[in-house]
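Participant: Provided herewith is a single structure, encoded as structure tokens, for subsequent inquiry.
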Amino acid sequence: MNIVYVANIRFPTEKAHGAAIAKACEALVRAGEEVTLLTPARNTPISVPALQYYGIKTSFIIRRLACIDVVSFGKLGFWVQSLTFASSVLAHLKSSAHDVVYGRDELVLAMLALCGIKNIYWESHDGTWNIASRYVAKHAKGIVVVSKGLKDFYIHKGVPAEKILAVPNAIDIVAFAHPETKEEARGRLNLPQDKTIALYIGRLDGWKGTDTLLEASKLLPDILVALIGGEPQQVEKLKTQYPNVTFLGYRPYTELSDNQAAADVLVVPNTAKDKVSVRFTSPLKLIAHMASHRPIVAADLPSIRELVDDTSAVLVEPDNAEALAAGIQKALISPYIAGKAYLRALELDWPTRAQKILEFIRRLL
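First residue of the sequence shown? That's -6 in my numbering, and the numbers climb one at a time after it.
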């Protein structure tokens, strides 16, 4: 098949979804399909070519299409950028052969469907149910979702079950096979060699549960809690509030394998106060942590249990600092769980995910 993957993102981007899209396209090519990735011609601070930046070994075509790049102006700017990008995508599709249009951006896909583009497949990650997503859900050939909770959500909204495929996110296990040693990683990050370290990697958004981890840090006097991620203003504010915590700020996604190696335990403290966190997400960082050979402590949520269970992670009550602190201490004396998590990660590779999606597409075409 000739698959056009539409991604309305800065590309390359330092954020994890950029790597996921690049790896998904690579896996589709390795499965024998022709893939063209369409992205908007937006400014990006990354000067390294995208395929090199993401370590792509099997290349695919990337087309940067014109748009009015005013995303920084808020919601109106995002709409203007999305609609102008959609217009460029529409012109490309009208002038080139393709069998399937695949994408994660419901606004752009809705525009394409409205203009008569067929064989659209939408990959949903967060339970969006606005005017655009409703239109796409009705007119798309199929919907790929990253959790069973998301599938149930769309079925409840009236989407036929046979039109939905639930398949979690994945990992390039080879890229995580040879990280730095713990000593090397800590030296590069300027972390102490003689401390036990509980490490969080990711954004500092509310639904990520980092506030619970920060409160738990007060209950762990013998453990250094460190966080990688966050916007500069967030980091500066939190440094003042939590002087006992080490904030390392933003580090590029391409360092993830090596950065994980600095930890004695990795923490995924997602909140139970947000429906995306509870039911919909398939955390890329959790899957990466599963490949790290480090024990994991995670919030006990349905979305998390789709990836790990009590034999492969220490699962704790969400939004409970005392439970999280106890879980971190338990994980440090439960090294066997890291091996169980790694075996599960081996099942979550991009080629396997691509095959499931291709079988689903062919069934519905």
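Backbone N, C-alpha and C fix where the C-beta goes; we use that ideal spot for every residue, glycine too.
Mind checking His149: buried by the 16 CB within 10 Å criterion, or exposed?
Facilitator: Answer is exposed; the Cβ neighbour count stays below 16.
Participant: Measuring CA to CA, which of Glu99, Ser285, Ser296 and Ala291 is closest to Leu308?
Facilitator: The residue with the shortest Cα to Cα distance from Leu308 is Ala291.
Participant: Mind the definition here: the region 63 to 71 touches the region 36 to 51 only if three or more C-beta pairs lie below 8 Å; say whether that holds.
Facilitator: Counting Cβ pairs under 8 Å, fewer than three are found: no touch.
Participant: Determine which residues share a DSSP beta bridge with Asp342 and list them.
Facilitator: Beta-bridge pairing links Asp342 to Ile164.
Participant: If distances are taken between C-alpha atoms only, which option among Ile190, Lys211 and Val269 comes closest to Pro236?
Facilitator: Comparing Cα-Cα distances from Pro236 to each of Ile190, Lys211 and Val269, the minimum goes to Lys211.
Participant: Where does Trp72 sit, in a helix, a strand or coil, going by DSSP?
Facilitator: Helix at Trp72.
Participant: Name the two residues that bound the continuous alpha helix (DSSP H) containing Pro252.
Facilitator: First, the residue type needs correcting, since residue 252 is Asn and not Pro in the sequence shown. Element bounds for Asn252: Leu249 to Gln253.
Participant: Short of 7 Å in beta carbon distance, which residues of its chain neighbour Lys141, apart from the five on each side in sequence? Order them along the chain.
Facilitator: Correct list, in chain order: Ala159 and Glu299.
Participant: Tell me which residues share the same chain as Gly223 and place their Cβ nearer than 6 Å to its Cβ, disregarding the 5 neighbours each side in the sequence.
Facilitator: Hits under 6 Å: Leu197.
Participant: For the pair the region 178 to 191 and the region 263 to 282, tell me if three or more CB-CB distances fall below 8 Å.
Facilitator: Counting Cβ pairs under 8 Å, fewer than three are found: no touch.
Participant: How about Ser296 and Leu259: are their beta carbons less than 8 Å apart?
Facilitator: No; because the gap between Cβ atoms is not below 8 Å, this pair is not in contact.
Participant: Across the region 310 to 317 and the region 200 to 219, are there enough close Cβ pairs to call them in contact, namely three or more that are closer than 8 Å?
Facilitator: Yes, the region 310 to 317 is in contact with the region 200 to 219.
Participant: Using a Cβ-Cβ cut-off of 6 Å (strictly less than) and excluding sequence neighbours within five positions of Ala178, which residues of its own chain qualify?
Facilitator: The residues are Asp251, Ala254 and Ala255.
Participant: Considering only residues of the same chain and omitting the five flanking positions on each side of Ala163, which have a CB-CB separation below 6 Å?
Facilitator: So the qualifying residues of the chain are Leu341, Asp342, Trp343 and Arg346.
Participant: Count the C-beta pairs between the region -6 to 9 and the region 231 to 249 that are closer than 8 Å, then say yes if the count reaches three, no if not.
Facilitator: They touch, by the three-pair rule.
Participant: Have a look at Thr239 and Val64 and give me their C-alpha separation to the nearest angstrom.
Facilitator: Spanning the two alpha carbons is a distance of roughly 32 Å.
Participant: First and last residue of the beta strand (DSSP E) that includes Ala13?
Facilitator: Segment Ala9 to Arg23 is the alpha helix (DSSP H) holding Ala13; no beta strand (DSSP E) there.
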